[in-house]
Structures are given as structure tokens and as C-alpha cells.
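The structure appears right after this line, and notes come after that.
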Amino acid sequence: MKTMKKTELTPGDILDLLFCRDPDIRNAPGRHSLETPACLYLTRFSREAVEQWTEDEREHVRTCPTGYCQRMLALSWRGEHPPLAHLSQYARGEYPYPAAMEFHLEHDHCWRCQIVVNLLKKLGSLAGAVAVGHHEGTLAPLEAAAFAEPRAPVYLRQTSEDGKLIVTVVETDPPEHELKVCVEAPGCPETGGRVKVTLAGEDRTLEQELELEKTESGWRAQGSFGSFAEAVARLGQDWVVVAVLVESEG
Amino acid sequence: MPETTLDRLMVRSREAMRDSREPSDDDLIGRFYNGDAEAFRALDELYRKRLLGYFLLRARNFAIAEELTQETFLKVIKTDAKYQPGSNGFAAWLFSIARGVLIDHFRRHGPGDAAPIEEDTKKEDPEHGESHSVVIVTPDSPVGEVFLARELLTSVLNQLSKDCAAAFLLRFYLGLTAEEAGRVLGKTANAVDQSIHRAKGDIRKSKSFRSIAEAFDVVSARAVRHAIHELLEDLSSEANRILTEEQRQRLLLLIGQDRRRGNER
Numbered sequence: 170m171k172t173m174k175k176t177e178l179t180p181g182d183i184l185d186l187l188f189c190r191d192p193d194i195r196n197a198p199g200r201h202s203l204e205t206p207a208c209l210y211l212t213r214f215s216r217e218a219v220e221q222w223t224e225d226e227r228e229h230v231r232t233c234p235t236g237y238c239q240r241m242l243a244l245s246w247r248g249e250h251p252p253l254a255h256l257s258q259y260a261r262g263e264y265p266y267p268a269a270m271e272f273h274l275e276h277d278h279c280w281r282c283q284i285v286v287n288l289l290k291k292l293g294s295l296a297g298a299v300a301v302g303h304h305e306g307t308l309a310p311l312e313a314a315a316f317a318e319p320r321a322p323v324y325l326r327q328t329s330e331d332g333k334l335i336v337t338v339v340e341t342d343p344p345e346h347e348l349k350v351c352v353e354a355p356g357c358p359e360t361g362g363r364v365k366v367t368l369a370g371e372d373r374t375l376e377q378e379l380e381l382e383k384t385e386s387g388w389r390a391q392g393s394f395g396s397f398a399e400a401v402a403r404l405g406q407d408w409v410v411v412a413v414l415v416e417s418e419g
Numbered sequence: 002m003p004e005t006t007l008d009r010l011m012v013r014s015r016e017a018m019r020d021s022r023e024p025s026d027d028d029l030i031g032r033f034y035n036g037d038a039e040a041f042r043a044l045d046e047l048y049r050k051r052l053l054g055y056f057l058l059r060a061r062n063f064a065i066a067e068e069l070t071q072e073t074f075l076k077v078i079k080t081d082a083k084y085q086p087g088s089n090g091f092a093a094w095l096f097s098i099a100r101g102v103l104i105d106h107f108r109r110h111g112p113g114d115a116a117p118i119e120e121d122t123k124k125e126d127p128e129h130g131e132s133h134s135v136v137i138v139t140p141d142s143p144v145g146e147v148f149l150a151r152e153l154l155t156s157v158l159n160q161l162s163k164d165c166a167a168a169f170l171l172r173f174y175l176g177l178t179a180e181e182a183g184r185v186l187g188k189t190a191n192a193v194d195q196s197i198h199r200a201k202g203d204i205r206k207s208k209s210f211r212s213i214a215e216a217f218d219v220v221s222a223r224a225v226r227h228a229i230h231e232l233l234e235d236l237s238s239e240a241n242r243i244l245t246e247e248q249r250q251r252l253l254l255l256i257g258q259d260r261r262r263g264n265e266r
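Taken in sequence, the protein lines are chains A and B.
Under this note's numbering, residues 170 to 419 are what the first sequence spells out, in order.
Under this note's numbering, residues 2 to 266 are what the second sequence spells out, in order.
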């Protein structure tokens, strides 16, 4: 029986020819050039795995001679962020993997985490629960709705990881049309406390310190950042809200 | 996001190379989702160099390409939207993640940290050395590069005699050495060089080549070789048009050897 020999070149053939001959790829090592045999494998950098690192793994990441492991930890945060507990630890100078955090804050320019860290550093040991929300998207004035696609009013609600603090940012209806913030603090101690609320755009920051009041439904506070149009003009379209529960001293 | 030709070809090429007895990508990712970390290592081995190549072509910096490769794997590990076996194929899904990683990289750092495209110092001496490899592309526009590389591929090869076009295609578009091109064409390496020399003369005389050349900055052939990866379909059809059946068979033999060497590594 006659066998048919393949003679037509396919794009796949060309691809293989080019890839096999690219010296950078041909000579590339089978793993990252900073990775040592002792380094943690990629699957150990998922969020769940990080929380379950063994003592040996934690020690290696802390002292990894090439810095590979802390770099991978930082890369695992891209597209999301480190857990707030890690940011708090870092702000207190107690984070065991500072190179990873510095990479995230500085090399990856994560301004959201920079704001949180700076705020926590400023508040020091007074900082309690932290809630961080992120607003993205166009904020055209509502009056433009007649000519453009109407947009939903701003409503951003965020609960802290420990559930002790809930912050809500809302755009009120005209004619007031303000940017308001409401805080609920189920975690507030009986002695009372304050909540430091920061709205931070890439360039400008708006701050409010709210005294919590005990109501029938728990500890609450609210404040206004003034005219919505003015606040948004300062913050831009992409901003974060950071609320930190500050327990009363003594 | 739409799949690029390159992504589709990577999938096809991988599938063609894989032994049917090996576990499929779907098997491996399924096992990983069920807690088998070793299955992920197998996927890592299968796709690492391809991802690295993908990023290297675009970011043009090895350290960045390595980092983006790791980031892509990390996203596969943690992604909330898990791969659904049997959908468009694991490779297509993987490369759609890679494309997102690359876009984020350029958003974060801009295209500025792509390795600068080096000046080709030999361009002043067209009769010697690597002058033939001076090609023209817009320095930081992949679209421009692809457009131009395609223009050059079709317009240049069409103007050359079949003999010269074959030598030119093998040497400069497919990266073969003069000896290898000679083996494919059934010629000596010297004869290949002579064909190239004639081809260069014809290209320099070409009006259309000059008009393209004047429109863009001159950069090294390396940049164009990167753009060429986007032109695989054009290249294969040009190769099928220009090369004889016997020459194609010899080229396929060479590709087979490359693949085997690649697999051994």
C-alpha cells in the first residue's frame, strides 16, 4: 500500500521552526531563573495555600536567598490585593515578607494599598477594623442623563474582613446631591470610638473623622463630603474608600 | 477577547505534537482542580516555553517575560473562573489569561519597559555581514510591525526570482543557517549566499521596498523576526508556493529534528 507523505507546510510547522530556533526560548531554563530547588512551587502561592504554609515554608520564604519566593507572593497579589491583615501587619512593621509587600506597593504602584498602609501607619496601634472599597467607572453628572445613558447613583458598601465595621458611600438625590458616608460598627467597644474615613483618588484625598453614636440598632455614624460634583471632580473616577475603626484611648 | 492567529496555531501545533497516550490538558487541569499538584507541574512543563515565547515576542525582555509567565500560571492556580474542560480548549483559555496579564503589564508600566530596539550597526555596510537583516518597522507598534512585515514578505518575495526568494525565505524569515538552507534547497551554502547577494541587490533596486523603508525607522531584524511570528499563515503559504515538493520535504525533516531536540530538552 502506498503511504502519503506530508509535504505541505502548515503554520504550525513554521511556528515550531521559529520557536525551536529562538535562542532565548531554546536556552530558557525549565523554571524561573531565580527559583532554587528549595523554593516553594507555584501552587503554594494560592491565597488558601499561603494561609496554610508550614513553619518550614514560612521560614524559607522569609529567607529565600534569591528573593524568588517573596516575588511570587507579590505576583500572586496582582489583579487583587494582599489581605488587609497582611497590610496591617506590614504597617506595624511586623510583616515577615516585607520585600513582597514593597514590590506590590512600589514596583506595582498599588496606590490603593499605599493609601491603606499609610493610614494604618498614621493611626498606629489605635487602628482597629478596616474596610476598603474601590469605586471604578464614569461618574457623569446626573443632569446629563437626558442626553446620555443614565447611570446608577454611586452606592458602595464594604464590610471589614472581621465583620466589625461596615462603610457605605452613597450619592444622595438632587437637590442636595451630596456624597455621603454611613458607618455601622458592630465591633465598637462599649467605651465608644471613632471611624476615620478616607476617600482617596490617585491624586487627591478627602478625609472625615466620625464619632460613633450608640443607637437602637448599634454603633453608627454618618458624614458628608459635600457636593457630589465637587467631590468627584477632586477624586476622579477611580477612588477607594478606607474606613478604620479607631477605638477610644483608655 | 478575540483569539489571535498565533494562539490558535499554538493550540494546533501542540495538539499535533502530543502523543495520544499522554494525558490531555483537560485531564491534567481536572486532576489539578481535584488537588493533584503534580498534574499542574505537567501543564507547567508543557506550556512554560510557549508562554515564555509569547511574552518575549511582545515584551522583548527576558526577565519580564519570565515574570509574566509566572504570573499567568499563578492566575491559573487562583482564578475564580475556572477552566471548563471541553470548552474552547485549555491552551486557548491559558493564552487568553496570558493576554490579560500582558495588557495589565503594559497598563502598569507602559510600553516603555519593553527592551529598546537596538540600532543595527551593520546597516551602513550593505555588502557585508548582516546588512540583509536590516528591516524596517515602527519601533513600538506591534500592529505596525506586523503590517510592515507582511508588506515586506509579500512584496519582497514576489519581486525575486524563485531561486532567490527561496533562499531569502529560508535564511531571513525562517532563520535557517546558510548550510541548512543549502541542504533544503539542494545547494551548497555558498550558492545560497550568492542567491542572497542577488536578492539583496534586487531588493535595494525595488521601488516599493524603498518607499516602505522611507516611511519607518530602521531597526534590527530581531524586531521583525518577532513580528513574523504573527505571519505564520502567510509564511507557510509562501513556503508552499516557492519551495518545490522535495525542498519542502527536506524542510519538514529539519523541523522534525528541531522538535525532537526540543522535546529531549
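For each residue, glycine too, the CB sits at the ideal point set by N, CA and C.
Query, Result
"Which same chain residues, not among the five before or five after phenylalanine 272 of chain A, have their C-beta less than 6 Å away from its C-beta?", "Ala243"
"Applying the criterion that 16 or more other CB atoms from any shown protein chain within 10 Å of the CB defines a buried residue, is glutamate 385 of chain A buried or exposed?", "exposed"
"With a CB to CB cut of under 6 Å and the five nearest residues on each side skipped, what residues in its chain are close to arginine 326 of chain A?", "Thr337"
"What does the Cβ neighbour count give for threonine 189 of chain B, buried or exposed, with the cut at 16 atoms within 10 Å?", "exposed"
"Pick from B:Gly54, B:Lys201, B:Arg184, B:Leu255: whose alpha carbon is nearest that of valine 157 of chain B?", "B:Lys201"
"Along chain B, in chain order, which residues have C-beta atoms closer than 8 Å to that of arginine 261 of chain A?", "The premise fails here: arginine 261 of chain A is roughly 26 Å from chain B at the closest Cβ pair, so nothing lies under 8 Å."
"Against chain A, does leucine 95 of chain B count as a neighbour if the rule is that its beta carbon must be under 8 Å from one of theirs?", "no"
"Residues in its own chain within less than 8 Å of leucine 289 of chain A by CB, not counting five upstream and five downstream?", "Leu256, Ser257, Ala260, Arg261, Ala296, Val299, Val413"
"If we count Cβ pairs, one from each stretch, closer than 8 Å, do we get three or more for the region 199-207 of chain A versus the region 228-247 of chain A?", "yes"
"Alpha carbon to alpha carbon, what distance is there between alanine 60 of chain B and alanine 99 of chain B?", "12 Å"
"List the residues of chain B that proline 180 of chain A touches, going by C-beta distances under 7 Å, in chain order.", "Leu10, Leu233, Glu234, Ser237"
"Could you confirm whether any beta carbon from chain A is found closer than 8 Å to the beta carbon of aspartate 203 of chain B?", "no"
"Can you find a CB in chain A that lies within less than 8 Å of the CB of glutamate 180 of chain B?", "no"
"Locate the beta strand (DSSP E) running through cysteine 351 of chain A, then write down its first and last residues.", "347-353"
"With DSSP as the reference, label alanine 38 of chain B as helix, strand or coil.", "helix"
"Would you call the CB atoms of leucine 379 of chain A and glutamine 391 of chain A closer than 8 Å?", "yes"
"Are valine 185 of chain B and leucine 252 of chain B close, meaning C-beta to C-beta below 8 Å?", "yes"
"By how many angstroms is the C-alpha of glutamate 416 of chain A removed from the C-alpha of lysine 383 of chain A?", "14 Å"
"Determine the closest residue to lysine 250 of chain A out of A:Gly293, A:His303, A:Leu211, with distance taken between C-alpha atoms.", "Looking at the sequence itself, residue 250 of chain A is histidine, so the reference to lysine does not match. The shortest Cα separation from histidine 250 of chain A among A:Gly293, A:His303, A:Leu211 belongs to A:His303."
"In this structure, does DSSP put histidine 250 of chain A in helix, strand or coil?", "coil"
"Quick one: what's got a C-beta closer than 8 Å to arginine 213 of chain A's C-beta in the same chain, skipping five residues either side?", "Val219, Trp222, Glu226"
"Would you identify the three-state DSSP class for threonine 70 of chain B, choosing helix, strand or coil?", "helix"
"If we define contact as Cβ-Cβ less than 8 Å, is arginine 260 of chain B a contact residue for chain A?", "yes"
"When the Cβ atoms of the region 387-402 of chain A are set against those of the region 339-351 of chain A, are three or more pairs found closer than 8 Å?", "yes"
"Step through the CB atoms of chain A and report whether any lies within less than 8 Å of the CB of phenylalanine 56 of chain B.", "no"
"Straight-line CA distance for glutamate 247 of chain B to phenylalanine 56 of chain B?", "35 Å"
"Which residues, taken in chain order from the region 238-254 of chain A, show a beta carbon closer than 9 Å to some beta carbon of chain B?", "Arg240, Met241, Leu244, Ser245, Arg247, Gly248, Glu249"
"Helix, strand or coil: which one does DSSP assign to histidine 278 of chain A?", "coil"
"Going by beta carbon distance, what residues of the same chain come within less than 8 Å of glutamate 181 of chain B, once the five residues before and after it are set aside?", "Leu171, Leu255"
"Show which residues of chain A have a CB atom less than 8 Å away from the CB atom of phenylalanine 74 of chain B.", "Leu211"
"By alpha-carbon positions, which one of B:Leu175, B:Gly176, B:Asp203 ends up nearest to glutamine 160 of chain B?", "B:Asp203"
"Can you find a C-beta in chain B that's less than 8 Å from the C-beta of histidine 273 of chain A?", "no"
"So the beta strand (DSSP E) leucine 375 of chain A belongs to, where does it begin and stop?", "374-380"
"Note down, in chain order, every chain A residue with its Cβ under 9 Å from the Cβ of phenylalanine 169 of chain B.", "Neighbours of phenylalanine 169 of chain B on chain A: none; closest Cβ ~15 Å, over 9 Å."
"Just checking my contact of threonine 179 of chain A with serine 97 of chain B at CB under 8 Å: how many whole Å lie between their CB atoms?", "Actually they do not touch by this definition, with Cβ atoms about 23 Å apart."
"Considering only residues of the region 171-210 of chain B, which uninterrupted alpha helix (DSSP H) runs meet the minimum length of 4 residues and lie entirely inside it, listed in chain order?", "179-186, 190-206"
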